[in-house]
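Novice:
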Amino acid sequence: MTFDAATLSVPLADPADDSAWRNGWSMPAPLSVDGWADRHRFLTREGAAEPGPWRTDRVPFTREIMQCLSDEHPCKKVALCKSTQTAGTEVLNNFVGYGIDHSPGPMMVVMPTEKLAQRWSKQRLKTMIQSCLVLHGKIQPATARDGGNTTLMKEFPGGLLVIAGANSASDLRSMPARRVLCDEVDEYLLDLEGQGAPDELAERRASTFTRRKVFKVSSPKLKATSVIWREFLAGDQRHYHVPCPHCGTLQPLDIDQLLPNGTYLCADGGCGRIIEEHHKPDMLADAAMGGTARWVAAKPDGEFPSFHINALYAPLGLGYTWAEIAAMRDAAQNDPGKLVIFTNTILGLPFEGERQQQNAHELEARAEQGLHRGIVPRGFYVLTVGIDCQQDRFACHVIAWGRGERGFVVDYEEIDGDPSQQDGYTKLEAWLKRHYVSHRGQVMIPQAVAMDAGNWGEEVVKFLRRQGTLMHHQVHRVLQVDGTLQQQVLFAVRGRSTTTDTRVVYRPAKTEANNRGKTLARAVGVWGVGTAPAKDILFGRMSADARAEDIAHRMLRWPGGREPTGPEDHAAEATRMPAGYFPGIASEYKDLATGRYLKHNRSTRNEALDTLVYAYWAALSPAVRIDLKREHEWAALEARYDPEADLFGGGDADAPSPPMPAVSRETSVVVTVPPSAPKPGRGTPPAGRGFGSDGWSGRL
Ligand SMILES: [Zn+2]
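Numbering (the working numbering), first residue to last: 47 to 746.
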């Protein structure tokens with residue numbers, strides 16, 4: 047029997063009008079994440095640089111990523127390793143909207159911390175729900191009365207969205223989820239309470255679902271520990287290839303082809319013509335737009351789709367221009383701190399430590415003649431001290447700090463004394479009240495002292511308590527300096543031996559015991575030193591300093607003293623660092639397999655390095671927090687110690703450093719040239735939007 051439409055009295059639908067189909071059939075038509083976003087997503091002024099309906103055509107390289115995230119695609123995992131300003135976060139948001147509206151099910155979004163999870167929910171998610179009609183009807187606003195909806199939990203027909211912080215094991219265990227989305231995975235702790243990496247804990251929530259999707263997205267950080275880089279390498283490693291407007295050759299956009307003036311050199315040897323940035327919109331167009339750009343997998347047999355995108359692809363008007371990127375590359379050449387940020391956030395590449403050890407001779411060669419031990423040079427305003435206890439002596443390191451956590455070693459001394467006897471501290475007690483002088487002769491004292499209480503804890507604590515008043519596990523005292531009163535804070539500290547530490551400063555534990563099992567005087571807590579992260583940071587800075595062409599950009603500097611005037615001039619020696627000091631700084635190396643720092647040679651003393659770590663700890667301690675000092679605070683210190691520099695607007699030729707952003711501890715841990723490090727260029731100086739501006743760390 048055949049079907050004859052003519053015998054039926056129903057009007058046939060207009061083929062151009064498919065509403066009857068859509069109304070009459072309950073089976074949803076296949077819709078990809080990008081298709082959903084193009085149909086339903088609206089970007090508001092608060093949430094986006096370019097408000098209006100979402101158009102995948104505006105960021106064509108996101109199309110394939112979103113197609114892989116769609117139900118119709120068989121993959122179970124997608125990784126996106128990206129620079130900032132390349133729409134990665136919007137891809138994640140689109141995936142969330144699709145998972146609420148089109149294909150509901152249990153879903154978990156993981157942010158680095160619970161605080162960031164709250165913020166994402168209150169800002170990004172809320173804005174998206176309010177501005178998308180289809181979502182608006184499905185999720186009730188979070189109110190105290192409605193138990194089903196809170197900031198971190200959203201119910202919708204057919205599913206549930208939980209927003210978790212990667213710092214909370216209980217959050218990550220909260221429920222099974224068919225979709226798990228991990229944002230900024232390189233900001234997560236490496237290990238959560240001994241239970242493993244947070245992104246892996248989250249991923250396990252999806253393991254029982256056959257139609258699961260796990261999406262990990264981040265800018266990368268350190269190569270050795272980068273989660274997103276490891277995932278990118280495990281995947282099929284796709285790069286977006288775009289055609290040269292002149293010869294048509296498909297090629298990935300590579301920083302090495304970017305010229306200092308912001309134009310781009312075609313990588314095809316036979317062409318080699320200049321590509322201007324206004325060609326970019328046509329170049330980015332993919333097949334869906336009639337163009338030829340496409341993703342190409344470098345490792346087609348990879349386990350799942352993985353994508354890499356850098357800031358050169360940012361659509362015109364949505365990110366830094368090529369000229370701005372060229373200027374940033376130029377500025378990063380001689381500044382290790384900027385190079386780390388440039389590599390992570392502009393190139394979207396992890397930073398690699400090529401050396402995990404220091405060379406004593408190279409460090410010594412960096413000591414600067416004309417700067418004398420004991421004298422604080424221009425640009426350094428805050429003194430801290432680290433003290434290590436040995437059986438017959440105390441090793442003491444004095445560091446001066448300036449903007450951007452830049453350090454200058456003022457002094458290193460070993461003082462006789464027996465830490466096991468209270469009368470063994472007499473010389474140390476006098477030494478601690480020493481004054482230092484600035485290059486202009488002003489008197490300075492250390493603001494914070496961190497003293498090792500690992501082996502002689504009880505005695506060290508007793509000694510510190512005698513020096514002042516105990517408050518909040520810190521000993522405070524006021525010293526008279528040059529007619530004024532200045533505060534000094536002393537801390538008892540102990541190095542932590544774990545390799546999973548992520549911070550330098552740890553607060554005292556509630557109960558403390560020394561290594562002989564005896565409980566210490568309760569009131570003076572012993573603060574923890576994250577030794578491995580501190581050494582990572584300091585070694586990373588020393589390695590990076592090897593490439594700093596301008597001394598003022600170095601992160602750690604030493605006095606080189608003066609040449610002796612003759613054989614009888616023994617005083618010259620006291621103006622330089624003492625013998626054995628630099629071998630002490632370089633006495634350890636990092637074993638990459640275990641993450642531990644080990645001594646090169648059992649007999650070399652490592653107190654110079656240990657005390658450098660303690661002095662750095664003191665600088666980050668609650669008494670100082672150089673990492674949080676704001677520019678106006680530095681400017682006030684500068685006005686006090688370098689008034690003439692202030693007169694001329696902050697610096698003449700030998701001023702140590704212009705205002706710099708503080709180098710984040712996370713990004714500066716291990717430092718060296720990345721695989722496709724920028725080559726030195728002769729660009730124009732950075733324009734208004736530079737490293738210091740807010741836009742630098744902004745995301746699309
Ligand atoms: Zn070409």
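All C-beta atoms, glycine included, are put in the ideal place defined by N, C-alpha and C.
For His757, which residues in the same chain have their Cβ closer than 6 Å to its Cβ, ignoring the five residues on either side in sequence?
Specialist: With the chain covering 47 to 746 only, the question about residue 757 has no answer from this structure.
Novice: Measuring from the CB of Asp217, is there a heavy atom of ligand 1 at a distance below 8 Å?
Specialist: Asp217 Cβ: outside cutoff for every heavy atom of ligand 1.
Novice: Starting from the Cα of Lys122, find the closest Cα among Gly242, Pro554, Glu349 and Gly576 and give me that residue.
Specialist: Measuring from the Cα of Lys122, the nearest candidate turns out to be Glu349.
Novice: What are the boundary residues of the alpha helix (DSSP H) that Ile445 is part of?
Specialist: Element bounds for Ile445: not the alpha helix (DSSP H) but the beta strand (DSSP E), Arg439 to Trp447.
Novice: Keeping to the same chain, check which residues put their C-beta closer than 6 Å to that of Arg257; ignore five residues upstream and five downstream.
Specialist: Here the set comprises nothing.
Novice: Please name the residue, chosen from Val489, Asp464 and Leu666, that lies closest to Arg553 on a Cα-to-Cα basis.
Specialist: Among Val489, Asp464 and Leu666, the Cα nearest to that of Arg553 is on Leu666.
Novice: Answer yes or no: do Phe748 and Ala496 have a C-beta to C-beta separation smaller than 9 Å?
Specialist: Nothing can be reported for residue 748: it is not among the residues displayed for the chain, which extend from 47 to 746.
Novice: Start and end of the beta strand (DSSP E) containing Pro579?
Specialist: First-last for Pro579: Thr577 to Asp591, but that is the alpha helix (DSSP H), not the beta strand (DSSP E).
Novice: Using the Cβ count rule (16 or more neighbours within 10 Å means buried), how would you classify Asn652?
Specialist: Buried, by the Cβ-count rule.
Novice: Mind listing which residues have their beta carbon within less than 6 Å of any non-hydrogen atom of ligand 1? Chain order is fine.
Specialist: Residues flagged by the Cβ proximity filter: Cys290, His292, Cys293, Thr295, Cys312, Asp314, Cys317 and Arg319.
Novice: Helix, strand or coil for Leu171, going by three-state DSSP, please let me know.
Specialist: Helix.
Novice: What are the partner residues of Leu536, as DSSP defines its beta bridges?
Specialist: Paired residues: Val495 and Val521.
Novice: For chain C, is any of its Cβ atoms less than 9 Å away from the one on Arg486?
Specialist: In summary, chain C is missing from the structure at hand, where a single protein chain is found.
Novice: For the beta strand (DSSP E) that Ala223 lies in, which residues bound it at each end?
Specialist: Looking at the DSSP string, Ala223 is not in any beta strand (DSSP E), and its letter there is neither H nor E.
Novice: Check whether the region 617-635 and the region 415-431 are in contact - that is, three or more C-beta pairs closer than 8 Å.
Specialist: Yes, the region 617-635 touches the region 415-431.
Novice: Under 8 Å: do the region 216-234 and the region 258-267 share three or more Cβ pairs, one atom per stretch?
Specialist: Counting Cβ pairs under 8 Å, three or more are found: they touch.
Novice: Check Met791 in the structure and name its three-state DSSP category.
Specialist: Outside the displayed span of the chain (47 to 746) sits residue 791, for which this structure offers no information.
Novice: Which term fits His443, buried or exposed, when burial requires 16 or more other beta carbons within 10 angstroms of its beta carbon?
Specialist: His443 should be labelled buried.
Novice: Could you name the residues of the same chain whose beta carbon sits closer than 7 Å to that of Thr271, not counting the 5 residues immediately before and after it, in chain order?
Specialist: Answer for Thr271: Leu236, listed in chain order.
Novice: Looking only at C-alpha atoms, which of Asn405, Phe88, Cys293 and Tyr627 sits nearest to His182?
Specialist: When each option's Cα is compared against that of His182, the closest is Phe88.
Novice: Quick one, are the C-beta atoms of Thr750 and Trp368 less than 9 Å apart?
Specialist: With the chain running from 47 to 746 in the structure shown, residue 750 is simply not present.
Novice: Report yes if the CB atom of Arg412 is closer than 9 Å to the CB atom of Arg603, and no otherwise.
Specialist: Yes, the Cβ-Cβ distance between Arg412 and Arg603 is below 9 Å.
Novice: Where in the region 365-411 do unbroken runs of the alpha helix (DSSP H), each at least 4 residues long, occur, reported from the N-terminal end onward?
Specialist: Entirely contained in the region 365-411, the alpha helix (DSSP H) runs reaching 4 residues are, in chain order, 368-378, 382-387 and 406-411.
Novice: Use the C-beta contact count for Ser129: other C-beta atoms within 10 angstroms, 16 or more gives buried, fewer gives exposed.
Specialist: Buried is the call here.
Novice: For Ile320, does the count of other Cβ atoms within 10 angstroms reach 16, so buried, or fall short, so exposed?
Specialist: Looking at its Cβ environment, which holds fewer than 16 other Cβ atoms inside 10 Å, Ile320 is exposed.
Novice: What does a CB cutoff of less than 6 Å around Gly574 pick up in its chain, not counting 5 residues either side in sequence?
Specialist: The residues are Arg542 and Tyr552.
Novice: Nearest by alpha-carbon distance to Thr530: which of Trp502, His519, Ile491 and Val521 is it?
Specialist: The residue with the shortest Cα to Cα distance from Thr530 is Ile491.
Novice: Compute the Euclidean distance between the alpha carbons of Ala357 and Glu408, then round it to the nearest angstrom.
Specialist: Answer to the nearest angstrom: the Cα atoms are 35 Å apart.
Novice: Starting from Trp341, trace the beta strand (DSSP E) in both directions and tell me its first and last residue.
Specialist: Arg340 to Ala343 is the extent of the beta strand (DSSP E) around Trp341.
Novice: Does DSSP put Ala598 in a helix, in a strand, or in coil?
Specialist: Helix, per DSSP.
Novice: Leaving aside the five residues before and after Phe278 along the sequence, list all residues of the same chain whose C-beta is less than 7 Å from its C-beta, in chain order.
Specialist: Excluding residues within five positions, the ones whose Cβ falls inside 7 Å are Ala125, Cys127, Ser352 and His354.
Novice: Here's a check: name, in chain order, each residue in its chain whose Cβ is nearer than 7 Å to the Cβ of Glu233, leaving out the five neighbours to either side.
Specialist: So the list reads Pro158, once near-sequence residues are dropped.
Novice: How far does the alpha helix (DSSP H) with Val273 in it reach, from first residue to last?
Specialist: Counting along the chain, the alpha helix (DSSP H) containing Val273 begins and ends at Val273 to Ala280.
Novice: Please state if the CB of Arg91 and the CB of Pro99 are separated by a distance shorter than 9 Å.
Specialist: No, the pair does not count as a contact, with Cβ atoms beyond the cut-off.
Novice: Please report the straight-line C-alpha distance between Asp434 and Tyr662, rounded to a whole angstrom.
Specialist: Near 13 Å, if we compare the C-alpha coordinates of Tyr662 and Asp434.
Novice: Measure the alpha-carbon distance for Leu162 versus Gly211 and round it to whole angstroms.
Specialist: Going by the C-alpha atoms only, they are around 7 Å apart.
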